[in-house]
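Visitor: Residue 330 is where the sequence shown starts when you use my numbering, and the numbers rise one by one after that. Just so you know, even glycine gets a beta-carbon here, dropped at the ideal spot from N, CA and C.
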Amino acid sequence: MTDRTYLKPPWMQRHVGNRLAPLFGRSMVSKLSVRGRRSGRRLTVPVAVLEHEGERYLVSYRGLSDWALNLRAAPECRVTSRGRTEEFVAEEVPEAERPPLLVAYRETYGSMPTVSQVLTALPDPADHPVFRLRART
């Protein structure tokens, strides 16, 4: 196993909240589908897509999550929001460019359960992989 900074969500969030989030937070929560780095199977997780200065980003606010590791290994992904699926290539944002994106993410999604708390617990931008979404052509 790799040594990584990651705050694992509590059982209730993983097994109940993540399944219900797309139903109740339709305007805020999307589904990210990415190929598993080991299995090769398509895996789907709920995410909040940040729209900032005309671009879209995925922020792994809990740290180096499995979906972030999967995107590093295979950057092609699908994002489904409000019933519409789009295909993207994810490009990791360098650490130096992450602070304003994390501020925007907190401002936009800080009211969601655990977001502000986790960003406070992991204050270093290096702990939060951020990916810019580019339309797949």
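Mind pulling the beta strand (DSSP E) runs of 3 or more residues that sit fully within the region 392-462?
Guide: For the region 392-462, whole beta strand (DSSP E) runs of length 3 or above, ordered along the chain, are 405-410, 413-421.
Visitor: If you drop the 5 nearest sequence neighbours on each side, which residues of the same chain put their C-beta closer than 6 Å to that of D456?
Guide: What you label residue 456 is simply residue 127 of the sequence shown in a count that begins at 1. Hits under 6 Å: T334, G392.
Visitor: Since L430 and V363 are thought to touch, with beta carbons under 8 Å apart, how far apart are those beta carbons, to the nearest angstrom?
Guide: Locating residue 430 in the sequence shown gives position 101, where the first residue counts as 1. Locating residue 363 in the sequence shown gives position 34, where the first residue counts as 1. That belief does not hold up - the Cβ atoms of L430 and V363 are roughly 20 Å apart, past 8 Å.
Visitor: Compute the distance between the beta-carbons of E467 and R465, then report whether it is under 8 Å.
Guide: What the structure shows of the chain is the stretch from 330 to 466, and residue 467 is not part of that stretch, so it cannot be assessed.
Visitor: For P454, tell me which candidate among E384, R413, E421, A377 has the shortest Cα-Cα distance.
Guide: Residue numbering aside, residue 454 sits at position 125 when the sequence shown is read from its first letter. Closest by alpha carbon: E421.
Visitor: Counting only the same chain and skipping the five closest in sequence on each side, list residues whose C-beta sits under 6 Å from that of D395.
Guide: Counted from its first residue, the sequence shown places residue 395 at position 66. Answer for D395: no residue qualifies.
Visitor: With burial defined as no fewer than 16 other Cβ atoms inside 10 Å of the residue's Cβ, what is the status of S440: buried or exposed?
Guide: Locating residue 440 in the sequence shown gives position 111, where the first residue counts as 1. That one is exposed.
Visitor: Are any of the Cβ atoms in chain D nearer than 8 Å to that of A419?
Guide: Note that chain D does not occur in the displayed structure, where there is just one protein chain.
Visitor: Using a threshold of 8 Å, state whether the C-beta atoms of L451 and R435 are closer than that.
Guide: Position 122 of the sequence shown, counted from the start, is the residue given in the question as residue 451. Position 106 of the sequence shown, counted from the start, is the residue given in the question as residue 435. Cβ distance not < 8 Å, so L451 and R435 don't count as in contact.
Visitor: Given this structure, state the Cα-to-Cα distance separating L462 from G369, to the nearest angstrom.
Guide: As a first step, residue 462 must be located in the sequence shown, where it is residue number 133. As a first step, residue 369 must be located in the sequence shown, where it is residue number 40. Answer to the nearest angstrom: the Cα atoms are 21 Å apart.
Visitor: Between R401, L398, S410, which lies nearest to P375 when the distance is taken from Cα to Cα?
Guide: The residue given as residue 375 occupies position 46 in the sequence shown. If we check each option's Cα against that of P375, S410 comes out closest.
Visitor: If you draw a straight line from the C-alpha of R371 to the C-alpha of A419, how long is it?
Guide: As a working note, residue 371 is residue 42 in the sequence shown. As a working note, residue 419 is residue 90 in the sequence shown. Their backbone Cα atoms lie some 15 Å apart in a straight line.
Visitor: Here's the rule I'm using: 16 or more other beta-carbon atoms within 10 Å means buried, otherwise exposed. How should P428 be labelled?
Guide: If you number the sequence shown from 1, residue 428 lands on position 99. When all chains shown are included, P428 counts as exposed.
Visitor: Just to confirm the assignment, what range does the beta strand (DSSP E) spanning L372 have?
Guide: What you label residue 372 is simply residue 43 of the sequence shown in a count that begins at 1. Residues 371-376.
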